[in-house]
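Note sheet for the following structure.
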Ligand SMILES: [Zn+2]
């Protein structure tokens, strides 16, 4: 009974006491730490003073410890640190002069630093020096020729192997090399200067070809996709852009099968660009044409047009020739000259055409709106003998690079609808033809499939 009571009391007192004890211990610990640091600092000052006075030659640490009456472990810790500081200063330039070597020898004896300690301190100091130099060079994001050379000679001077260099700065190297790679690829064109910069960066970071390749390869497909989406967005692929994509594919070690879909799309984009320039396709037609008239397009079409009271729909056959645009249907047929076209607006499922004549203004729903738009633009260009750049179509759809980048980052390089990351396109949320702007808020990433499924009605 009494035993139980004592037990209860003990537990009670214990519980109350633990909180106090923790608090007390923490306080006491802090106080002891402060005292120790103070003692170390005092001893360090005294040690440096004594070393300076005696130039190290006749100095022996153990005698000095006895004289100063400080704990042995504390004194030896301070001595080791003094030695490490001196050593770091000496190797900062990557070169140890004969005189410095002598002084280091004297100091190891005076401070009674054994071979094992020497090895450890020196190794650590060299690694620190090298890592800090790398950090310094990478801080501003670009590596100059001089920086690359001096890092390389520092590494050699310190006797750090390439493998060790990569172990030491691996994370920094990895992210910095990748950042450089991304930066130079991002505008869709890699210039010879940029290639040289990448080589410099590789050299400065002491990366082997394999290491450099593996760093980039992991992200290469993503980079390829991003670059591709950026490059094709304005409907034009320049030779430089095409070269950059091929270069990227080579760097990434992407097999042709991985990018076959992209190559196919690239051919389409280039074909459409040629149409817009006036190099038009010739297709067979059952329609009766005049002499010298060629057919450029024929396909099923649903034509929507508004009268004052309602929206009408006609289903028929749309034919675009070198001289006419005409819609043939059982219920109603009409035609107009390409020169009468005032504006062409493309939606994913059709075109809206404004015509300066009695009939023809309205929306043409077709499969392959992109192709029809390109062909019509080319035809109109030939008729008007002028650039059709004021059309609501392709040219002004161009989204500025910085907007594309921001959208790409915001959407994480994925289709916002289905989350897929292959074959992505920049899409205007409010269609460009409906007055939607080229701003970050109005642009999103969709995969080609989701983009084609999206109807542009708002
Ligand atoms: Zn999608």
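In my numbering, the protein residues as written are 1047 to 1504. Don't be surprised by glycine CBs; every beta carbon is placed ideally from N, CA and C.
Own chain residues within Cβ distance below 7 Å of residue i, not counting five before or after
i, result
"residue 1382", "1371, 1401, 1403, 1405, 1406"
"residue 1378", "1360"
"residue 1287", "1234, 1235, 1277"
"residue 1457", "1490, 1491"
"residue 1316", "1283"
"residue 1482", "1474, 1475, 1476, 1488"
Helix, strand or coil at residue i [DSSP, three-state]
i, result
"residue 1318", "helix"
"residue 1098", "helix"
"residue 1290", "helix"
"residue 1390", "strand"
"residue 1023", "There is simply no residue 1023 to check, as the chain begins at 1047 and stops at 1504 in what is shown."
"residue 1444", "coil"
"residue 1105", "coil"
"residue 1459", "coil"
"residue 1468", "coil"
"residue 1222", "helix"
"residue 1355", "coil"
"residue 1181", "helix"
"residue 1473", "strand"
"residue 1516", "A question about residue 1516 goes unanswered here, because the residues of the chain that appear run from 1047 up to 1504."
"residue 1497", "helix"
"residue 1209", "helix"
"residue 1336", "coil"
"residue 1087", "helix"
"residue 1304", "helix"
"residue 1163", "helix"
"residue 1284", "coil"
"residue 1385", "helix"
"residue 1188", "coil"
"residue 1405", "coil"
"residue 1486", "helix"
"residue 1331", "coil"
"residue 1214", "helix"
"residue 1296", "helix"
"residue 1325", "coil"
"residue 1076", "helix"
"residue 1313", "helix"
Proximity winner among the options, relative to residue i (alpha-carbon distances)
i, options, result
"residue 1392", "1417, 1376, 1185", "1417"
"residue 1235", "1132, 1316, 1119, 1294", "1294"
"residue 1471", "1479, 1492, 1488", "1492"
"residue 1426", "1366, 1465, 1480", "1366"
"residue 1478", "1359, 1120, 1091, 1444", "1444"
"residue 1428", "1386, 1451, 1464", "1386"
"residue 1117", "1374, 1138, 1088", "1088"
"residue 1327", "1127, 1341, 1209, 1378", "1341"
"residue 1190", "1155, 1164, 1153, 1226", "1226"
"residue 1252", "1077, 1446, 1211, 1354", "1211"
"residue 1373", "1420, 1285, 1349", "1349"
"residue 1095", "1125, 1120, 1207, 1398", "1125"
"residue 1480", "1163, 1409, 1466, 1430", "1409"
"residue 1375", "1339, 1369, 1357, 1333", "1333"
"residue 1330", "1368, 1468, 1356, 1205", "1368"
"residue 1092", "1319, 1115, 1398", "1115"
"residue 1451", "1231, 1170, 1254", "1231"
"residue 1180", "1083, 1132, 1394, 1218", "1218"
"residue 1119", "1086, 1155, 1398", "1086"
"residue 1311", "1132, 1281, 1112", "1281"
Distance cut-off 7 Å: residue i Cβ against heavy atoms of ligand 2
i, result
"residue 1495", "Ligand 2 is not part of the structure shown, which contains ligand 1 as its ligands."
First through last residue of the alpha helix (DSSP H) which encompasses residue i
i, result
"residue 1119", "1118 to 1137"
"residue 1150", "1144 to 1156"
"residue 1199", "1191 to 1204"
"residue 1238", "1238 to 1250"
"residue 1256", "1255 to 1278"
"residue 1480", "Segment: none, residue 1480 is in no alpha helix (DSSP H) and carries neither H nor E."
"residue 1419", "1415 to 1430"
Proximal residues to residue i (C-beta, below 8 Å), its chain only, five neighbours per side dropped
i, result
"residue 1345", "1363, 1364, 1412, 1413, 1414, 1418"
"residue 1158", "1106, 1107, 1108, 1122, 1125"
"residue 1446", "1484"
"residue 1172", "1137, 1204, 1205, 1206"
"residue 1299", "1259, 1263, 1266"
Bounding residues of the beta strand (DSSP E) (the contiguous stretch that carries residue i)
i, result
"residue 1410", "1408 to 1411"
"residue 1371", "1371 to 1374"
"residue 1397", "1396 to 1401"
"residue 1348", "1341 to 1352"
"residue 1492", "1489 to 1493"
"residue 1381", "1380 to 1382"
Beta-carbon contacts of residue i that lie in its chain and below 6 Å, excluding the five residues immediately before and after
i, result
"residue 1496", "1461, 1463, 1464"
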